[in-house]
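Numbering (numbering that gives the first Met the number 0) for the sequence shown: 0 to 312. For each residue, glycine too, the CB sits at the ideal point set by N, CA and C.
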Amino acid sequence: MKYIRAELHNHTTHSDGQLRVEQLLAYAAENKFETLALTDHNTVSAHRPAFDFAQKEYPQLSLVPGVEITTFYGHILALGLRRMVDLTRLNPAAPGHFLQTLHDAGAVAVGLAHPFCLGHPISEGCRMNLQEYNWELINYIEVANTSGPDAVLGNAQALALWESLVLQGYRLAAVSGKDLHQLPTPQNVFLTYCISPEGAEGTQAERVLQAILAQQTIVTKGPLFCTQAEDGNVTVTFAPAALPLPKTTFLLVIQQSDGESITYETDLCTPLKHTLAAGVTSAVIKVYQNSCTYENLLAVGAPVYCEKGEAQR
Numbered sequence: 000m001k002y003i004r005a006e007l008h009n010h011t012t013h014s015d016g017q018l019r020v021e022q023l024l025a026y027a028a029e030n031k032f033e034t035l036a037l038t039d040h041n042t043v044s045a046h047r048p049a050f051d052f053a054q055k056e057y058p059q060l061s062l063v064p065g066v067e068i069t070t071f072y073g074h075i076l077a078l079g080l081r082r083m084v085d086l087t088r089l090n091p092a093a094p095g096h097f098l099q100t101l102h103d104a105g106a107v108a109v110g111l112a113h114p115f116c117l118g119h120p121i122s123e124g125c126r127m128n129l130q131e132y133n134w135e136l137i138n139y140i141e142v143a144n145t146s147g148p149d150a151v152l153g154n155a156q157a158l159a160l161w162e163s164l165v166l167q168g169y170r171l172a173a174v175s176g177k178d179l180h181q182l183p184t185p186q187n188v189f190l191t192y193c194i195s196p197e198g199a200e201g202t203q204a205e206r207v208l209q210a211i212l213a214q215q216t217i218v219t220k221g222p223l224f225c226t227q228a229e230d231g232n233v234t235v236t237f238a239p240a241a242l243p244l245p246k247t248t249f250l251l252v253i254q255q256s257d258g259e260s261i262t263y264e265t266d267l268c269t270p271l272k273h274t275l276a277a278g279v280t281s282a283v284i285k286v287y288q289n290s291c292t293y294e295n296l297l298a299v300g301a302p303v304y305c306e307k308g309e310a311q312r
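(1) Output yes or no for whether 8 Å exceeds the beta carbon distance between F189 and V218.
(2) Going by C-alpha to C-alpha distance, which of E264, A238, T234, F97 sits closest to T70?
(3) Does DSSP put H180 in a helix, in a strand, or in coil?
(4) Reducing DSSP to helix, strand and coil, say where G110 ends up.
(5) Using only the alpha-carbon positions, how far apart do L7 and L35 sit?
(6) Could you tell me the boundaries of the alpha helix (DSSP H) in which A313 lies?
(7) According to DSSP, is G95 part of a helix, a strand, or is it coil?
(8) Would you please state the rounded distance, in angstroms, between the beta carbons of L166 and S281? I believe it to be under 8 Å.
(9) Ordered along the chain, which non-local residues of its own chain (more than five positions away) have a Cβ less than 8 Å from that of R82?
(10) Using only the alpha-carbon positions, how far apart do A172 and I75 sit?
(11) Would you tell me roughly how many angstroms separate the C-alpha atoms of L62 and Q17, rounded to the nearest one?
(12) Can you name, in chain order, every residue of its own chain whose Cβ lies under 7 Å from the Cβ of N154, other than the five neighbours on each side?
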């Protein structure tokens, strides 16, 4: 498997960011991002200069066009979208039609940005306040926004929402987002890696989008792993860590849709095998250090889904 480092939430001076296109791409290249999404608020004007500059200066950097659809009812990330849509078509009481409009307009993957960020009166519109959701039209949730304390306060709630939905059977990827508006201070925060089979067809940007649609993402502070599932048996295979890891006890937790949670101690090297209980329809896999608290969470893996009692990737 190939693990593609993807930063999926970024801004430039074309909206409210402080970084020019050239500065954003230079930062991404210097920090070894492999794929970078362009998600300015309600505009695509940065797309052309960014693609032109990347082709000239950073051909190794793969770009994903997109928009952060910014409304008074929350922010929606539309990856693959190359043109703006009419915001007046969003009905917060019945947003399904608008979400379908995003897909029809070219959005490949639609996600919720920082859904539990502080809301009114501190940051009007940042918290997701849609009155109903059609989860079949939403592809991912930003479970870790690392732009600052206002967003971080809602990350645990966002992760809990994603986990609850996955355990109900909804097919949703989990991602993180730096939500870059300016150069960040160095810190140990969650990063997103997209898991793509070796030799997969398409450009790297296309493979990132395919991984999101297949729920093959991992949100991590270091550990990398993928899952293989067959006949109700799940194998977790580890890859070399993306970042240095502390010398500590690592715990891998498999939360099943039947409510049972199973904890294994792991060295993050030896493959781990687990048999899902009969009737389990989905499972969430997480890695912690020392204890299973949110503060000690190291990674959230790609979920496992089951069909008629048979585990499927």
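For this structure:
(1) yes
(2) If we check each option's Cα against that of T70, F97 comes out closest.
(3) coil
(4) strand
(5) Between L7 and L35, the alpha-carbon positions lie close to 6 Å from each other.
(6) Because the chain is modelled from 0 through 312, residue 313 falls outside the range shown and cannot be assessed.
(7) helix
(8) 6 Å
(9) These residues qualify, in order along the chain: V43, A104, G105.
(10) 15 Å
(11) Taking the straight line from one Cα to the other gives about 19 Å.
(12) V142, A143, N144
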